[in-house]
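What follows is a single structure, written as structure tokens, with notes after it.
Protein chains: 2
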Amino acid sequence: MNMHQVQAHMLKRERQAFIMKQVNLHNRALSADLGAMLNVSEDTIRRDLNELAEAGELIKVHGGALSKSYHYDYVPSSTYAFSEKTIIAQKAASLIENGMFVMIGGGTTVRELVRALPQNLHATFFTVSLTTALQLCDHPNVEVIFFGGQLVKNSQISVGGEVISRINDISADLCILGTNSIDSEGITDSDLEAVQVKKAMIKACKRTAIVTISEKLGSTQRLRVCELNDIDFLITELSPDSPRFSKYTQRGMIIL
Amino acid sequence: MNMHQVQAHMLKRERQAFIMKQVNLHNRALSADLGAMLNVSEDTIRRDLNELAEAGELIKVHGGALSKSYHYDYVPSSTYAFSEKTIIAQKAASLIENGMFVMIGGGTTVRELVRALPQNLHATFFTVSLTTALQLCDHPNVEVIFFGGQLVKNSQISVGGEVISRINDISADLCILGTNSIDSEGITDSDLEAVQVKKAMIKACKRTAIVTISEKLGSTQRLRVCELNDIDFLITELSPDSPRFSKYTQRGMIIL
DNA sequence: TGTAAACCTGCAAATAAATGCAATTATAAC
DNA sequence: GTTATAATTGCATTTATTTGCAGGTTTACA
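Taken in order, these protein sequences are the chains called A and B. For the first sequence, the working numbering assigns the number 19 to the initial residue and increments by one for each residue that follows. For the second sequence, the working numbering assigns the number 19 to the initial residue and increments by one for each residue that follows.
Structure representation (structure tokens):
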């Protein structure tokens, strides 16, 4: 932070305006920095911060202050990045047509997708995710097939050779998976069992769609799920012509 | 995971917001990773995680934290006859011992039972109920096997010949079922598919326990699940010496 | 069952905050 | 202009918070 000093003498009101400007500009400010910049004691800064906080202009925390907009608004809609996921869900839902056989994974993005499915959709869904299965049960006109097996407690999906051989018995039209990490090489994950199941699901379907919020673009993990070539559709909340997709479009993948 | 470091000096609140972001983004985060990313000791991370968990923002687990959105959120007060079911749950839990193989059904009474199970219970559970399976996932020391198949949407259980033949492959110690109706003849139900699954479960287990609120004693429905003789334990919220059990005790059933 | 990792507790150092007080400065009344 | 009053500010002291570390314990996993 460039800590140039500001003015010889400042009125209290001016000083507080300066503080607000700093806080709104950087989303944060430290008492010590402000004191140095304004050439007043930290006590004065603290008193200012208390007043501003009292007036609801900012959020005072130990050591400084945070912008009010910064304040991570806990429980935005109980799901993180809710609006992004809703956009994704709308796009992904357009891929699913009546009569289709769809294999579908788990995760919060997929959950929003399932919520966004039209009530009159007639289709058959296959899944290993307990939460996705439950969500699908709310749709009157779909059939839900759950691949049973041993459950992984953290992710609430079933895994194991049994599950995989079950999946291999099916040939479906579309595979929809969320992911934790995707980059220009492909998709990666960190849970071996889950990776094996995902691989089987992709193999069992004619086409594969990946749904993810753009924040996850460019991150990687240890275990490879598939190459970019294996993916037919990539769906994020961004517009398809966003420059962030430059590395992906060359591969013949369709960005939605 | 790409572990770039973040900022020189972070305010506590900022750090916690960062943690929440990571957790929500990847559905989980390891204390060690977070410590490295934020350049603070793991102790600090742990303290943050404890605070956030206390505030209900995430779920703390050994080694890190999980996103809350992944978890089936449970609202106890919305369960009908909640206090009765809690009593039942306590009694039924006493039947389950370490190392047991238990087949367990669905319904709200069973849900309370699962909640009442001690966290240190080591056992293997088999179920066809999505909600029971999810609930069991909260218990760190149990194995959960889900019998997959076609799902019945309003009861959220899987049914079908596939499921039944799976059940027949197992031999378990105890079968725990809720029921809609029980009278001096035995247990009855109204859903044919569900009845077939229940029959298979009872047959696959050495002993059978029925959990139900006393309100359901004396009612009947069209389809027979089993005779009274097939039941080893009957568990309600009433005291075992209640006169309402006079018709049942003659059959050698144990009332809890 | 053994071992390494993760955990918790208490403690100490560092930092930040609150408080009282004195000095200074601004404001207003005369 | 002078003076009384109020507000502001800095400093010293006390208090609270945060953080890392040492230790002993628990937990997970092979």
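Backbone N, C-alpha and C fix where the C-beta goes; we use that ideal spot for every residue, glycine too. Please read all numbers here as calculations on a predicted model, not as lab measurements.
Closer than 7 angstroms, CB to CB, is B:Leu131 near chain A or not? So no, B:Leu131 is outside the interface.
Rounded straight-line distance, which links the Cα of A:Gly166 to that of B:Ile205: C-alpha of B:Ile205 to C-alpha of A:Gly166: approximately 27 angstroms in a straight line.
Of the residues A:Ile77, A:Lys30, A:Gly74 and A:Ile188, the one placed nearest A:Ser120, counting alpha carbons only: Here residue 120 of chain A turns out to be Val, not Ser, going by the sequence shown. Distances from the CA of A:Val120 to each of A:Ile77, A:Lys30, A:Gly74 and A:Ile188 were compared; the closest alpha carbon is that of A:Ile188.
Give every residue of the same chain whose Cβ lies closer than 7 angstroms to the Cβ of B:Ala141, excluding the five residues on either side of it in the sequence, and list them in chain order. The beta carbon of B:Ala141 sits closer than 7 angstroms to the beta carbons of Ile114, Asn116, Gly117, Met118, Val120 and Val160 from its chain, once the five residues preceding and following it are set aside; these are given in chain order.
Starting from the C-beta of A:Asp259, find all residues in its chain whose C-beta is less than 7 angstroms away, skip the five residues before and the five after it, and write them out in chain order. Taken in chain order, the list of residues that qualify is empty.
Buried or exposed for B:Gln137, going by 16 or more other Cβ atoms inside 10 Å? So B:Gln137 counts as exposed.
Taking all protein chains shown into account, do 16 or more other C-beta atoms lie within 10 angstroms of the C-beta of B:His27, making it buried, or fewer, making it exposed? Counting Cβ neighbours within 10 Å, B:His27 comes out exposed, since fewer than 16 surround it.
Check whether the Cβ atoms of A:Ala47 and A:Gln40 sit closer than 7 angstroms, and answer yes or no. With respect to the 7 angstroms criterion, A:Ala47 and A:Gln40 are classified as neighbours on the basis of their beta carbons.
Once DSSP output is grouped into helix, strand and coil, what is the label at B:Ala35? Three-state DSSP puts B:Ala35 in a helix.
Give the C-beta separation of A:Val170 and A:Glu130 to the nearest angstrom, bearing in mind that I take them to be a contact with Cβ-Cβ under 8 angstroms. About 22 angstroms separates the Cβ atoms of A:Val170 and A:Glu130, ruling out a contact at the 8 angstroms cut-off.
Could you list the residues in the stretch 52-85 of chain A with a C-beta less than 9 angstroms from some C-beta on chain B, going in chain order? Of all residues in the stretch 52-85 of chain A, Ile77, Val79, His80, Gly81, Gly82, Ala83 and Leu84 have a Cβ within less than 9 angstroms of some Cβ in chain B.
Keeping to the same chain, check which residues put their C-beta closer than 6 angstroms to that of A:Ser202; ignore five residues upstream and five downstream. Close CB contacts of A:Ser202 within its chain, under the 6 angstroms cut and outside five residues either way in sequence, are with Lys265 (chain order).
Run through DSSP, which three-state label would A:Thr238 get? In the structure shown, A:Thr238 sits in coil (DSSP, three-state: anything other than H, G, I, E or B).
Take B:Arg242 as the anchor and find which of B:Leu235, B:Arg269 and B:Ile200 has the nearest alpha-carbon. B:Arg242 has its Cα closest to that of B:Ile200, out of B:Leu235, B:Arg269 and B:Ile200.
Mind listing, in chain order, the continuous alpha helix (DSSP H) runs of no fewer than 4 residues lying wholly within the stretch 65-148 of chain A? Qualifying alpha helix (DSSP H) stretches, in chain order: 100-111 and 126-134.
According to DSSP, simplified to helix, strand and coil, what is A:Glu245? It is a strand residue.
Distance, Cα to Cα, A:Met219 vs B:Met55? A straight-line Cα-Cα distance of about 34 angstroms links A:Met219 and B:Met55.
Taking the alpha carbon of B:Asn15 as the point to measure from, which residue in B:Thr267, B:Ala73, B:Val215 and B:Arg31 has its own alpha carbon closest? In the structure as shown, chain B starts at 19 and stops at 274, and residue 15 of chain B therefore has no counterpart that could be examined.
Residues sharing a beta bridge with A:Leu252, DSSP: Its beta-bridge partners are A:Ile228 and A:Ile273.
To be precise: take each residue of the stretch 146-173 of chain A, compare its Cβ to all Cβ atoms of chain B, and keep it if any distance is under 9 angstroms. Which residues remain? Listed in sequence order: Val146, Leu148, Thr149, Ala151, Leu152, Leu154, Cys155, Asp156, His157, Pro158, Val160, Glu161, Val162, Ile163, Phe164, Phe165, Gly166, Gly167, Gln168, Leu169, Val170, Lys171, Asn172 and Ser173.
Within its chain, find whatever has a CB closer than 7 angstroms to the CB of B:Ile105; leave out the 5 residues flanking it on each side and keep chain order. These residues qualify, in order along the chain: Glu255.
Assuming contact is defined by CB atoms lying nearer than 7 angstroms, are A:Ser147 and B:Phe164 in contact in what I supplied? A:Ser147 is not a Cβ neighbour of B:Phe164, given a cutoff of 7 angstroms.
Using a Cβ-Cβ cut-off of less than 8 angstroms, list which residues of the stretch 234-262 of chain B approach chain A; keep chain order. For the stretch 234-262 of chain B, no residue has a beta-carbon sitting nearer than 8 angstroms to a beta-carbon of chain A.
My assumption, with CB atoms under 8 angstroms, is that B:Lys216 sits in contact with B:Leu235. Please give the rounded CB distance. About 18 angstroms; that fails the 8 angstroms criterion.
Can you pull the chain A neighbours of B:Cys45, defined as C-beta to C-beta under 8 angstroms? In the sequence as displayed, the identity of residue 45 of chain B is Asn instead of Cys. Correct list: Gly125, Thr126, Ser173 and Asn198.
Closest by C-alpha distance to B:Asn186, when choosing among B:Thr145, B:Thr150 and B:Ser85: The option with the nearest alpha carbon to B:Asn186 is B:Thr145.
Which of helix, strand or coil DSSP assigns to A:Val58: Three-state result, A:Val58: coil.
If we define contact as Cβ-Cβ less than 7 angstroms, is A:Ser87 a contact residue for chain B? A:Ser87 has a beta carbon lying at 7 angstroms or more from every beta carbon in chain B.
So is A:Ser176 in contact with chain B if we call contact Cβ pairs under 7 angstroms? Contact of A:Ser176 with chain B is assigned, a C-beta pair being separated by under 7 angstroms.
With 7 angstroms set as the bound, which would you pick, yes or no: does the beta-carbon of B:Leu29 sit closer than that to a beta-carbon of chain A? Answer yes: the Cβ-Cβ gap between B:Leu29 and chain A drops below 7 angstroms somewhere.
Please classify A:His22: is it buried, with 16 or more other beta-carbons within 10 angstroms of its beta-carbon, or exposed? Note that A:His22 scores a pLDDT of 46, beneath 50, so its modelled location is shaky; the value from the coordinates is reported in the next line. Under this definition A:His22 is an exposed residue.
Between A:Asn68 and A:Ser232, what straight-line distance do the alpha-carbon atoms span, to the nearest angstrom? Looking at the backbone, the Cα of A:Asn68 and that of A:Ser232 are separated by about 38 angstroms.
Consult DSSP for B:Gly179 and reduce its assignment to one of helix, strand or coil. Shown here, B:Gly179 sits in a helix according to DSSP, grouped into three states.
Write down the C-beta distance between B:Gly53 and B:Ile37 rounded to the nearest angstrom, noting that I regard them as a contact closer than 8 angstroms. Incorrect: roughly 10 angstroms between the Cβ atoms, too far for contact.
Using the DSSP secondary-structure output, state which residues sit across from A:Phe164 in a beta bridge. Under the DSSP definition of a beta bridge, A:Phe164 partners with A:Thr145 and B:Gly167.
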